[in-house]
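Structure (structure tokens):
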């Protein structure tokens, strides 16, 4: 019963590098989400997806891209990492729009 | 305006006492859902309880209950008989249904840190 997993759990990178954070869920949930958590801001939505090949921007999408070629995977890519992208990143999934979102364990990203 | 407001940055409670964590929300959507999540020091986000805007009864899940006052736009979390393991950050979140176009995305408050004293 893996549920929803994220990798890596910790990542240190340098400014300007491309970084991809992985998210995988075993529930076949249609809806998937990426959030970032920063002190003083709670969690903010970066991108979301309703199904494979259907994605849309959230509140703080600048500098990020996503893809969803398979239902179970929802990778988040920082195209050119900046220090302001240092954060904890959470992936979540839900079976339907009205359903509860279940979160992965998070990825701590440090951009030097 | 903030969509979700948690006015208590930190709260303290004695073990075995009850505690209320405040959450107010702002929406013009008649259909929405309210959630509470717990984030312990280990960092994971744990779903606690859900209240739909059309639900007539306040939601309860074990020691957790949600005091839903629709007219006041508040959705306070009540934890009864606090335990040391309840010490964590607690987030209130809202889903606005927007006629089915929101895809279920959540807006979170800034959180309340609860500390349970023995």
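Protein chains in written order, with our numbering: chain C, 1 to 112; chain R, 1 to 118.
Just so it is clear, CB atoms sit at the ideal spot from N, CA and C, and this is done for glycine as well.
Since residue 41 of chain R is in the beta strand (DSSP E), which residue starts that stretch and which ends it? Per DSSP, residue 41 of chain R belongs to no beta strand (DSSP E) and is neither H nor E.
Out of R/4, R/15, R/38, R/51, point me to the one whose CA is closest to residue 113 of chain R's CA. R/38
What are the residues in the region 42 to 65 of chain R lying within 7 angstroms of chain C by C-beta distance? 43, 44, 45, 47, 50
Taking its Cβ as the centre, do 16 or more other Cβ atoms sit within 10 Å of residue 57 of chain R, making it buried, or is it exposed? exposed
Cβ-based neighbour list, residue 73 of chain R, same chain, cut-off 7 angstroms, excluding 5 preceding and 5 following: 24, 25, 26
Going by CA-CA distance only, name the one from C/75, C/60, C/36 that's closest to residue 53 of chain C. C/75
Near residue 192 of chain R, which residues of its chain fall below 6 angstroms by C-beta distance, leaving aside the five closest residues on each side in sequence? In the structure as shown, chain R starts at 1 and stops at 118, and residue 192 of chain R therefore has no counterpart that could be examined.
For residue 17 of chain C, I'd like the list of residues in its chain whose CB is within less than 7 angstroms of its CB, leaving aside the five on either flank, ordered along the chain. 81
What three-state label does DSSP hand residue 98 of chain R in the structure shown? helix
Between residue 13 of chain R and the rest of its own chain, which residues show a CB-CB distance below 6 angstroms, the 5 nearest in sequence each way excluded? 19, 82, 116
Any idea what DSSP makes of residue 53 of chain C, helix, strand or coil? coil
Could you say if the region 85 to 100 of chain C and the region 13 to 28 of chain C meet the contact criterion of at least three C-beta pairs nearer than 8 angstroms? yes
Going along the chain, which residues of its own chain have a beta-carbon closer than 8 angstroms to the beta-carbon of residue 9 of chain C, five neighbours each way excluded? 105, 106, 107, 108
Could you please give me the residues that DSSP links to residue 62 of chain R through a beta bridge? BP columns for residue 62 of chain R are empty, so no partner.
Residues in its own chain within less than 6 angstroms of residue 51 of chain C by CB, not counting five upstream and five downstream? 30
From the DSSP output, read off the bridge partner residues of residue 3 of chain C. In DSSP, residue 3 of chain C forms no bridge with anything.
In angstroms, rounded to a whole number, what distance separates the CA positions of residue 62 of chain C and residue 118 of chain R? 45 angstroms
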